[in-house]
Amino acid sequence: MDDLPMEKRMEALPQITQRKLLSIFDNIPDVKDLLIDPAIMKPLQRFTGIKALRAHGIEKIYRLEEGQVPVTNMKRVFLLCSEYPKVRQVLQQIQAELQQQEGKPLSPHLILVPGSMSHFAVEKLVEEEALCGLVTIHTLNFELMKLDQGLWSLEMPSAFRNLNVQGDITLLKPIAKALWSLQLVLGRPKLLWAQGGMATKVVQLMERFPWPKDTNKSKEGTLGSLSIVCRDIDWPSVFLTPVTYTALVDQVIGSNCGNVKFQSEAGASSAPDGIYLNSNTDQVYCHIKNLHFSSVFPYLSIKTKELQMDAAKITKASSPSEMKAFVKERLTQSAELKKSLAQHIATCEYVVEQIGSSYESIQIAETMALSGRKGVITQVEDLFGQGLLTLSQCMRLLGLLSVCGLSEDFDAVLTQFLLSHGHKHLCTVHSLGLMGLHVEEEASTSIVGRVAQVVKRRTSTIQEIDKKFKVLFPDGKEVPDKALPALHMSYVFSGSYTPVVGRIMEWMIKGEPVAQLEDALKVLPGPTMWRGSRGEYLPRPQLPVVPKTHIVFFIGGVTYAEVSALQILEALTGTKIVIATTSIISKNTLVEACSKY
Amino acid sequence: MHAQPVLWARLNLSRTLRRKLSYLHRKDIMLRNDEEDDYWDEVAPKANISWDDLDQKNLLGATAGSTGKLYQQLKSFDSLSILDSNQSALGQSSEPIVPLTSLVLESNIDLIVRLERPDLHELNKTISEETLIEEMLLGHPVSLDSCKSLRAKTNLLQGAVNSADGEVILKVVLYLMSTLSKKHANKMLGQHPVAAKVYANYLSVSNQHPSLANLLESLGKMREDAILQYYLANLNQTAGAARQAQNIFSVSSSHFNSEASDKHLKRHVKLLELCSGLGMNSNTTGHEWLREALSRNPANISQAASSIGMSEKIYQWISLKYYIASGNFKEIQNTFKTSWLSGNRPKSIIPLNKLVIELEKSKAPKEQILKYVRMIEDPIERRNLEAKYASL
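The structure is reproduced here in structure tokens:
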């Protein structure tokens, strides 16, 4: 078992999640109805199937929606994310069902997946709704589930808001449990690095869990390093517009558990188009996922022509044996290839439709911001006037201006943003301040306060980070050749920016001087923590890290741009890097997290 | 208490003598009750008299006045002796007291005494705050009722924060909020920002906005409280634009004290007033207002647009798009500015090549497109575009 590759061994984790879910079902005797929250359906498909559910007493499966669901069995199991509106809706439904089924032994169970509400808060709500003793509450913490080759996720979308905006640490415990499970499967890493306040708390929580003796020794050839990083160490990677295929598709359309769906105008009457971001099953996607977007369409054209030539060959086939060989060996593959090409072509067209008019101006504006040049508003004023800037694009631009310290431009863009999208978004922008980004000056009532007033900033500006990590324009101002495979991580942002975590991993893999790394880490927010293979305190790491297998866990979310950058690093250095996260930061993540209150 | 056996030893009074003294004392009290109240203040205690010195004969012939003195002297002895003498005065038996333990079992005495002293009772022994936190971390049900003192509560909250477990922190905070006054509870939360954030998020997620507002105010987070009030004011969509303007103005003046915020809020109020004038609802954006205003053709639109912070370029863009969409091509040129520096040629802030693209998208007549192509200053670009659109 120790010979199996790391990711193969990690496939134990979704099975553990399934085991946990099925054991809850087993503890509820008799047949039961299962009502599933639509938000959980996609993650559920990653670790279990209907066959397994039926084998453990689930007779009927319903989608949990507004309105009445027929009561087929007395045992009712509601599987939902712990979000207030959903929990409240379910409790009201249960009350209605209990009234209707008065006298009958109706037994409702709630299985809660971690969300914005803590387990205790749900218990309190159950008590307030006078359902205490009538409803049984269970908790199901997901283990890491595989979205794609080298990419794993806990599918915990509320973590972005809870941790980054609200500063609520409740979700750190399920995260710590997941990382603890990971280490029970793989063994402890040779080196553990935690960067940021939340990351060090996760390590602290992990140390409280029971560790069997054999996990104290790192299994040879398994895990070189486990890096746990907070989202706030690199905001530009969230705000910049990427150029690689998957990253751009996700930023423009959005993904849900590795699945992208959209409704093109041409196909308005038909079912939505979409793609699965899966390198294992989709060979076309495997080739284009980290390619520059402008190089994707030419590649798809070439593959389409090859397919056409193949089809032409078989129509000219003379012998039945040739026909038979084609049907047996190539037909299925050709059909799959054709479907895949069609989906990716439709996706490219949709992306161009959505951002084609604004893409260039936004890229120029972002380059100006990164260079610290004022006047960004002149680049985007036309876009505002033409109504071409979406809400999420505006929020990202404001975030970038904030990180780059361009407060005048920030104010100018904010004014036009409020006029185009509504003044209610003053609250949305306020959330950027809660994330440690733009903080508006408060008028102090005391003279001393007014004299001593400064703009507080909890994160270093991008210039300070660049001095230590050389993340801005690392190849000079030259834009990498789009047609060639990436030679540098800044490829993902057209040569203008290298994700900070990518840079740090590069130093750890190549064995750069520890003093340089330690000095650089001081500009990042939060404390730095190093641990050894037995979980013992280390004053400093020993580099390079051996074995060359690394897991990087992002608390609060990761973007596909960072995933691409780390996969480029993996290819360039010949190491194995697995990226894990609470969830993917997608098109609407920032807006949804910031617009709630 | 120690003085009593000594006293009795010293006094060594016979039973008969004590009885007589108590009789005289009773008479004395009765006499005094008949006299004025201030008698007690007037009677000065005489020099200490030792019982040993007293002649028994003298005592038998004692007068009322001398018994009064005697009473005072008795008062100067140990208080228990006074109690004893009072007991005698009340006519109670002065038989020797039977020891308690011969009347009641020691274990029963102990039980009666300990019931009055919960701190001695083993079952009510306080579990340490550290243990409570450990139990909660393990998910065991515990009662926090034993943490009554402020010190215990402070230790409990500190322990919860140190554990980094949000569930535990929330449980402890809710316990504190229900057992401490708001003043003390909020003070403790102010000292533990991590706990404050967990609680604030709980209130936010469960839509307990009034409690959240109170919490933010008590923690001194005035800006966040202000934003919350603004958010709640905006949520109310049933109010018309005029009413909404009043609400926002009220929130602005009572909660916001920053110039930067003030500027945006003032503009919001101004926009709502403009929307109210056109009968538009309260969630109209600035761009939507302008399009509607252009359709009504009121005067001074550009000034009004400027008053809500709209830049001139954006004003031009929205106007141009509106005129193009409505086929009102004559008005397009009216949006250009004319300056003698440019030889009285109309000059557009908007790049003309972008205007041409917009005309093309809206399928404007060829003449209109070419009219603006010919205004492009760059000769090469002008020539290319002329060739392109002329062939349409």
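Residue numbers (the UniProt record's numbering), protein chains in the order written: chain A, 1 to 597; chain B, 1 to 392. Where is the CB? At the ideal position from N, CA and C, for every residue including glycine.
Margin query: Given this structure, state the Cα-to-Cα distance separating A:F297 from A:T246, to the nearest angstrom.
Written below: Working through the first sequence from its first residue, we reach residue 297 of chain A at position 297. Working through the first sequence from its first residue, we reach residue 246 of chain A at position 246. One C-alpha to the other measures close to 13 Å.
Margin query: Is the beta carbon of B:I169 closer than 8 Å to that of B:V198?
Written below: Translated into positions along the second sequence, residue 198 of chain B becomes position 198. Translated into positions along the second sequence, residue 169 of chain B becomes position 169. By the CB criterion at 8 Å, B:V198 and B:I169 fall inside the cutoff.
Check: According to the Cβ coordinates, are A:A561 and A:V500 closer than 8 Å?
Finding: Within the first sequence, numbered from 1, the residue matching residue 561 of chain A stands at position 561. Within the first sequence, numbered from 1, the residue matching residue 500 of chain A stands at position 500. No.
Next item on the list: Pick out the complete alpha helix (DSSP H) segments inside the region 489-535 of chain A, 4 residues or longer, and give them in chain order.
Entry: 500-510 and 514-521
Item checked: Cutoff 8 Å: B:V173 Cβ touching any chain A Cβ -> The residue given as residue 173 of chain B occupies position 173 in the second sequence. It does not; no Cβ of chain A falls within 8 Å.
Check: Does the count of Cβ pairs from the region 237-251 of chain A and the region 288-295 of chain A closer than 8 Å reach three?
Finding: Per the Cβ contact rule, the region 237-251 of chain A is in contact with the region 288-295 of chain A (3 or more Cβ pairs under 8 Å).
Next item on the list: Ignoring anything shorter than 4 residues or poking outside the region 6-59 of chain A, list the alpha helix (DSSP H) runs there in chain order.
Entry: 6-10, 12-26, 38-47 and 50-55
Next item on the list: Indicate the three-state DSSP secondary structure (helix, strand or coil) for A:Y597 in the structure shown.
Entry: For this step, residue 597 of chain A is matched to residue 597 along the first sequence. A:Y597: coil per DSSP, three-state reduction.
Next item on the list: Taking C-beta pairs closer than 7 Å, name the residues in chain B that A:K177 reaches, listed in chain order.
Entry: If you number the first sequence from 1, residue 177 of chain A lands on position 177. Chain-ordered listing is empty here: chain B has no CB closer than 7 Å to the CB of A:K177, the nearest sitting near 11 Å.
Item checked: is_contact[B:G159, chain A] using C-beta, thresh 8 Å -> One-based indexing of the second sequence puts residue 159 of chain B at position 159. Not one chain A Cβ lies under 8 Å of B:G159.
Check: Helix or strand or just coil, what does DSSP make of A:M145?
Finding: The residue you call residue 145 of chain A lines up with position 145 of the first sequence. A:M145 falls in the strand class under three-state DSSP.
Item checked: Per-residue DSSP class, three states only, for A:F209 -> Working through the first sequence from its first residue, we reach residue 209 of chain A at position 209. Coil at A:F209, not helix or strand.
Check: In angstroms, rounded to a whole number, what distance separates the CA positions of A:V352 and A:I345?
Finding: Working through the first sequence from its first residue, we reach residue 352 of chain A at position 352. Working through the first sequence from its first residue, we reach residue 345 of chain A at position 345. If I take the Cα positions, the gap works out to 11 Å.
Note to self: With the cut-off set at 8 Å, would you say B:A164 and A:I555 are in Cβ contact?
What the structure shows: Walking along the second sequence from the start, residue 164 of chain B turns up at place 164. Walking along the first sequence from the start, residue 555 of chain A turns up at place 555. It is not a contact, given that the beta carbons lie outside the stated cut-off.
Checklist line | 6 Å CB neighbourhood of A:G405 in its chain, flanking five on each side removed | finding: Stepping through the first sequence from its first residue, residue 405 of chain A is reached at position 405. For A:G405, same chain residues with a beta-carbon under 6 Å away, outside a window of 5 residues either side, are T461 in chain order.
Notebook entry, point to check: Whose C-beta lies closer than 7 Å to the C-beta of A:G535 among residues of the same chain, with five residues either side of it excluded?
Noted result: Taking the first sequence and counting its residues from 1, one reaches residue 535 of chain A at position 535. Only R188 and E207 meet the Cβ criterion.
Next item on the list: State buried or exposed for B:V104, treating a residue as buried only when at least 16 other CB atoms are found within 10 Å of its CB.
Entry: In the second sequence, the residue the question calls residue 104 of chain B occupies position 104. B:V104 is exposed by the Cβ-count criterion.
Next item on the list: Please determine, among A:A325, A:L337 and A:N259, the residue with the shortest C-alpha to C-alpha distance to residue 603 of chain A.
Entry: In the structure as shown, chain A begins at 1 and stops at 597. Residue 603 of chain A is therefore absent and cannot be evaluated.
Next item on the list: Report, in whole angstroms, the separation of the C-beta atoms of A:R503 and A:V552, which I expect to be a contact under 8 Å.
Entry: Numbered from its first residue, the first sequence carries residue 503 of chain A at position 503. Numbered from its first residue, the first sequence carries residue 552 of chain A at position 552. That pair is no contact at about 12 Å.
Next item on the list: Compare the C-alpha of A:N280 against each of A:A159, A:Q567, A:D148 and A:K510 and name the closest.
Entry: By 1-based counting over the first sequence, the position of residue 280 of chain A is 280. With distances taken between Cα atoms, A:N280 lies closest to A:D148.
Notebook entry, point to check: Given that A:Y359 touches chain B, what residues does it touch there, using C-beta distances under 9 Å?
Noted result: Residue 359 of chain A sits at position 359 when you count from the first residue of the first sequence. Residues of chain B passing the Cβ test: none, with the nearest at roughly 15 Å.
Margin query: For the alpha helix (DSSP H) containing B:S295, name the first residue and the last one.
Written below: In the second sequence, the residue the question calls residue 295 of chain B occupies position 295. Counting along the chain, the alpha helix (DSSP H) containing B:S295 begins and ends at G286 to R296.
Note to self: For the structure I just gave you, are there three or more beta carbon pairs, one from the region 58-67 of chain A and one from the region 98-105 of chain A, closer than 8 Å?
What the structure shows: They do not touch, by the three-pair rule.
Notebook entry, point to check: Along chain C, in chain order, which residues have C-beta atoms closer than 7 Å to that of A:L418?
Noted result: Going by chain labels, chain C is absent from the structure shown, which instead holds the protein chains A and B.
Notebook entry, point to check: For the putative contact between A:L414 and A:L398, defined by C-beta atoms under 8 Å, what is the C-beta separation to the nearest angstrom?
Noted result: Translated into positions along the first sequence, residue 414 of chain A becomes position 414. Translated into positions along the first sequence, residue 398 of chain A becomes position 398. Between A:L398 and A:L414 the Cβ distance is about 6 Å, and since that is below 8 Å, they are a contact.
Checklist line | Residue-chain proximity (A:D168, chain B), Cβ-Cβ < 8 Å | finding: Residue 168 of chain A sits at position 168 when you count from the first residue of the first sequence. By this cut-off, A:D168 is an interface position.
Item checked: Residues near A:P105 in its chain [Cβ-Cβ closer than 8 Å; skip 5 each side] -> Sequence index remark: in the first sequence, residue 105 of chain A carries index 105 (1-based). Only M74 meet the Cβ criterion.
Item checked: Cross-strand partners of A:Q195 (DSSP beta bridge) -> In the first sequence, the residue the question calls residue 195 of chain A occupies position 195. Answer is A:V229 and A:T528, bridged to A:Q195.
Next item on the list: Can you tell me which of the three DSSP states A:D273 falls into?
Entry: Mapped onto the first sequence, residue 273 of chain A falls at position 273. Strand at A:D273.
Margin query: Please identify, using Cβ separations under 7 Å, the residues of the region 420-433 of chain A that lie next to chain B, in order along the chain.
Written below: S420, H421, G422, H423, K424, L426, C427 and H430
Next item on the list: Put B:C147 into one of helix, strand or coil per three-state DSSP.
Entry: Looking up residue 147 of chain B in the second sequence gives position 147. Coil, per DSSP.
Next item on the list: Reducing DSSP to helix, strand and coil, say where B:I350 ends up.
Entry: Numbered from 1 along the second sequence, position 350 holds the residue referred to as residue 350 of chain B. Three-state DSSP puts B:I350 in coil, outside helix and strand.
Notebook entry, point to check: Should A:K86 be labelled buried (16 or more other beta-carbon atoms within 10 Å of its own) or exposed?
Noted result: Against the first sequence, residue 86 of chain A aligns to sequence position 86. Buried: at least 16 other Cβ atoms inside 10 Å.
Note to self: In whole angstroms, give me the CA-to-CA distance for B:S391 and A:Y597.
What the structure shows: As a working note, residue 391 of chain B is residue 391 in the second sequence. As a working note, residue 597 of chain A is residue 597 in the first sequence. Roughly 56 Å separates the two Cα atoms.
Checklist line | Rounded distance between the beta-carbons of B:T285 and A:S420, thought under 8 Å | finding: Numbered from its first residue, the first sequence carries residue 420 of chain A at position 420. Numbered from its first residue, the second sequence carries residue 285 of chain B at position 285. Yes, they are in contact, since the Cβ atoms of A:S420 and B:T285 sit about 6 Å apart, within 8 Å.
Notebook entry, point to check: Among A:Y84, A:P474 and A:P108, which one has its Cα closest to the Cα of A:I94?
Noted result: Within the first sequence, the letter at position 94 stands for residue 94 of chain A. Checking every option, the nearest Cα to that of A:I94 belongs to A:P108.
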